[in-house]
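S.K.: Sequential numbering of the sequence shown, starting at 34, is according to the numbering used here.
Glycine residues also receive a C-beta, built at the ideal position from the N, C-alpha and C atoms.
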Amino acid sequence: MKGTRLFSIVGGLILILAAFLPYGYSTWASGSTYDVTMKLVTNANSDNAMFSQLQQIGLTYTMSAIVMGMVIVAFFLFVVGGILALVKTGGGSVAGPVGAILLTIVPFLAGGSASDIFGLGIGYWLGWVGAIICVIGSLGKSKLEKVNLFVNQNQTVNVNSPPPAQPPAKQ
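1) On the DSSP bridge assignment, give the partners of SER65 in chain order.
2) Determine, using beta-carbon pairs with one atom in the region 116-133 and one in the region 72-88, whether at least three such pairs fall under 8 Å.
3) Cα-Cα, which of ILE138, PRO201, GLN86 and TYR67 is closest to SER111?
4) Check this for me: beta carbons of SER206 and GLN89, under 9 Å apart or not?
5) I need the straight-line Cα distance from ILE169 to ASP149, nearest angstrom please.
6) Can you tell me whether TYR94 is buried or exposed? The criterion is at least 16 other CB atoms within 10 Å of its CB, across all chains shown.
7) Hey, LEU46 and GLY114: beta-carbon distance below 9 Å or not?
8) Pick helix, strand or coil for ASN81, following the three-state DSSP scheme.
9) Cα-Cα, which of VAL139, GLN199 and ILE134 is closest to VAL162?
10) In angstroms with no decimal places, state the Cα-to-Cα distance between THR70 and GLY123.
11) In the structure shown, what three-state DSSP assignment does PRO140 receive?
12) Could you give the DSSP three-state label for PHE151: helix, strand or coil?
13) So TYR139 and VAL104 are in contact, right, with Cβ under 8 Å, and what is the actual spacing, rounded?
14) So, for ILE216: in the same chain, excluding its five sequence neighbours on each side, which residues have a beta-carbon less than 7 Å away from its beta-carbon?
15) Between which two residues does the alpha helix (DSSP H) containing TRP97 stretch?
16) If we count the other Cβ atoms within 10 Å of its Cβ and call it buried at 16 or more, is SER63 buried or exposed?
17) Kindly indicate which three-state DSSP category ILE49 falls into: helix, strand or coil?
Right, here's the structure in full:
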């Protein structure tokens with residue numbers, strides 16, 4: 034197994050794991066990004082339950098919905114990026130970092146400060162670790178592709194038949 038493939042597999046597994054570990058920002062997001070997503074899915078038909086969830090964030094209704102949406106999108110980016118990294122070398126190199134960046138922005142949008150980031154849960158930190166490992170795997174992949182481009186060029190020449198006819202040159 035090539036080293037870059039190993040990086041992608043490890044990074045992908047960490048990304049998937051991070052989606053199910055505690056994000057731990059506040060009471061409304063004290064669980065994992067999966068927990069926040071499941072709360073939304075289970076309460077999607079109940080306006081009162083959805084409104085009370087959005088009120089816990091403490092912002093306007095629209096900003097609260099945006100903040101919750103960012104956490105949910107980060108969950109899907111971690112899971113999809115992790116699956117892509119398991120399937121393809123460098124697969125999670127975009128989805129993982131974007132998900133981690135979204136989770137980094139959430140405390141600032143929710144009225145927090147930079148010091149709030151240091152108190153985030155293990156799911157947040159492992160998300161960054163998995164994203165960085167996937168990016169490292171994709172960097173090695175691009176270098177190997179360039180090397181293989183020059184090494185694996187094979188050309189077959191058929192000497193038994195004449196070359197194809199060229200159309201006459203226009204004057």
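M.R.: If we stick to the structure as given:
1) Mapped onto the sequence shown, residue 65 falls at position 32. DSSP lists PRO55 as the bridge partner or partners of SER65.
2) Cβ pair count under 8 Å is below three, so no.
3) Stepping through the sequence shown from its first residue, residue 111 is reached at position 78. Here residue 111 is Phe; the residue named in the question, Ser, does not match the sequence. Measuring from the Cα of PHE111, the nearest candidate turns out to be TYR67.
4) The structure shown does not extend to residue 206, since the chain is modelled only from 34 to 204, so the question has no answer here.
5) In the sequence shown, the residue the question calls residue 169 occupies position 136. In the sequence shown, the residue the question calls residue 149 occupies position 116. C-alpha separation (whole angstroms): 27 Å.
6) Position 61 of the sequence shown, counted from the start, is the residue given in the question as residue 94. With a threshold of 16 other beta carbon atoms within 10 Å, TYR94 falls short and is exposed.
7) Reading the sequence shown from its first residue, position 13 is the one you call residue 46. Reading the sequence shown from its first residue, position 81 is the one you call residue 114. Cβ distance not < 9 Å, so LEU46 and GLY114 don't count as in contact.
8) The residue you call residue 81 lines up with position 48 of the sequence shown. ASN81 falls in the helix class under three-state DSSP.
9) Here residue 162 corresponds to residue number 129 of the sequence shown, with the count starting at 1. Checked all of VAL139, GLN199 and ILE134; the closest Cα to VAL162 is ILE134.
10) For this step, residue 70 is matched to residue 37 along the sequence shown. For this step, residue 123 is matched to residue 90 along the sequence shown. Roughly 26 Å between the two C-alpha positions.
11) Locating residue 140 in the sequence shown gives position 107, where the first residue counts as 1. PRO140 falls in the helix class under three-state DSSP.
12) Along the sequence shown, read from residue 1 onward, the residue named residue 151 stands at position 118. Looking at PHE151 - three-state DSSP - the assignment turns out to be coil, as it is neither helix nor strand.
13) The count along the sequence shown starts at 1 and reaches residue 139 at position 106. The count along the sequence shown starts at 1 and reaches residue 104 at position 71. Before going further, note that residue 139 is Val rather than Tyr in the sequence given. So it is a contact: roughly 6 Å between Cβ atoms.
14) This structure leaves residue 216 out entirely; the chain is present only between 34 and 204.
15) Here residue 97 is taken as the residue at index 64 of the sequence shown, counted from 1. The sequence as given places Ser at residue 97; Trp does not occur at that position. Where SER97 is concerned, the enclosing alpha helix (DSSP H) stretches over 94-120.
16) Numbered from its first residue, the sequence shown carries residue 63 at position 30. Residue environment analysis places SER63 among the exposed positions, since fewer than 16 neighbouring C-beta atoms fall within 10 angstroms of its C-beta.
17) To locate residue 49, count along the sequence shown from 1; it is residue 16. DSSP places ILE49 in helix when its eight states are reduced to three.
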